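Undergrad: One structure is given below, represented as structure tokens, and several questions about it will come after.
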Amino acid sequence: MENKKRLILFSKEDIDKRVVELGKILTEDYKDKDLLVISLLRGSFIFAADLVRNIDLKLEIDFLTTTSYENEEKSSGIVNFLGGLRSSVKDRDVLIVDDIVDSGNTLKAVKEKVQKMGPKSLKSCVCLNKPSRREVDVEPDYVAFTIEDVFIVGYGLNYGDYMRNVPYIFTYENK
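Numbering (the working numbering), first residue to last: 14 to 188.
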């Protein structure tokens with residue numbers, strides 16, 4: 014794919030602007046709450062870092078490592094948990110942050126796992142929502158961008174083991 018032309022879907026400036034907006038919304042929605050942000054690794058680490066820096070509240074962040082893609086462009090549908098949380102979830106307001114929801118399998122599995130830990134509330138925030146690919150009944154509560162069914166890369170999203178460091182989100186244009 015590297016010899017194909019990149020088609021930028023969301024520039025660094027587009028992303029920065031939207032993350033600031035989401036930060037303001039989340040600051041208001043979680044005011045006076047005990048917020049625990051759970052970032053799903055590895056894809057959401059850049060989005061989550063930018064997002065929490067724009068939430069003007071005392072909060073705790075923890076990480077949960079899941080995998081369902083391996084090095085493929087499509088989810089296997091099987092969600093594996095590669096580690097647990099260090100933070101207590103019980104009676105806390107929890108926000109799960111992920112890079113993308115397409116099939117919905119990962120978000121559904123994570124929500125089910127975290128719900129069993131007894132949070133006061135449980136919501137999700139994603140950078141990208143791809144509803145046309147949904148296989149399960151799950152919708153994120155907060156969304157930066159909704160996209161069509163295209164393979165995207167950059168801003169934490171990988172192609173194989175690479176491209177997470179690209180500061181914008183792109184796809185490859187067919188010539």
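Even glycine gets a Cβ: it sits at the ideal position worked out from N, Cα and C. Please read all numbers here as calculations on a predicted model, not as lab measurements.
Write down the C-beta distance between S134 and D154 rounded to the nearest angstrom, noting that I regard them as a contact closer than 8 Å.
TA: Translated into the one-based positions of the sequence shown, residue 134 becomes position 121. Translated into the one-based positions of the sequence shown, residue 154 becomes position 141. Actually they are not in contact, since the Cβ atoms of S134 and D154 sit about 10 Å apart, beyond 8 Å.
Undergrad: Got a sec? Which residues, its chain only, sit under 8 Å from G131 by beta carbon, not counting five neighbours each side?
TA: In the sequence shown, residue 131 corresponds to position 118, counting from 1. Closer than 8 Å at Cβ, skipping near neighbours: V102, K103, D104.
Undergrad: Looking at the unbroken alpha helix (DSSP H) that takes in V127, where does it start and where does it end?
TA: As a working mapping, residue 127 is identified with position 114 in the sequence shown. That run of the alpha helix (DSSP H) goes 118–128.
Undergrad: Pairs of beta-carbons, one from the segment 115–123 and one from the segment 31–48, closer than 8 Å: are there three or more?
TA: Judged by Cβ distances under 8 Å, the segment 115–123 makes no contact with the segment 31–48, as fewer than three pairs qualify.
Undergrad: Using the Cα positions of V179 and I59, report the straight-line distance between them to the nearest angstrom.
TA: Residue numbering aside, residue 179 sits at position 166 when the sequence shown is read from its first letter. Residue numbering aside, residue 59 sits at position 46 when the sequence shown is read from its first letter. One C-alpha to the other measures close to 10 Å.
Undergrad: Taking only runs of the alpha helix (DSSP H) that begin and end inside the segment 56–84, which ones reach a length of at least 4 residues, in chain order?
TA: Fully enclosed alpha helix (DSSP H) runs of 4 or longer: 58–66.
Undergrad: Skipping 5 residues on each side, what residues in its chain have a beta carbon closer than 6 Å to that of R177?
TA: Start at 1 with the first residue of the sequence shown, and residue 177 comes out as number 164. So the list reads G169, N171, once near-sequence residues are dropped.
Undergrad: What are the boundary residues of the alpha helix (DSSP H) that includes E26?
TA: Position 13 of the sequence shown, counting from 1, holds the residue named residue 26. Start and end: 25–42.
Undergrad: Go to L98, then tell me how far its beta strand (DSSP E) extends in each direction, as first and last residue.
TA: Within the sequence shown, the letter at position 85 stands for residue 98. No beta strand (DSSP E) holds L98; DSSP gives it neither H nor E.
Undergrad: In the structure shown, what three-state DSSP assignment does R147 receive?
TA: Position 134 of the sequence shown, counted from the start, is the residue given in the question as residue 147. R147: coil per DSSP, three-state reduction.
Undergrad: Between Q128 and the rest of its own chain, which residues show a CB-CB distance below 7 Å, the 5 nearest in sequence each way excluded?
TA: Your numbering for residue 128 matches position 115 in the sequence shown. Within the same chain, Q128 has close Cβ partners L135.
Undergrad: Quick check: what's the CA-CA separation for V149 versus L120?
TA: By one-based count along the sequence shown, residue 149 stands at place 136. By one-based count along the sequence shown, residue 120 stands at place 107. Each residue's alpha carbon lies about 10 Å from the other.
Undergrad: Rounded to whole angstroms, what is the Cα-Cα separation between I160 and R99?
TA: Mapped onto the sequence shown, residue 160 falls at position 147. Mapped onto the sequence shown, residue 99 falls at position 86. Approximately 33 Å, taken between the alpha carbons.
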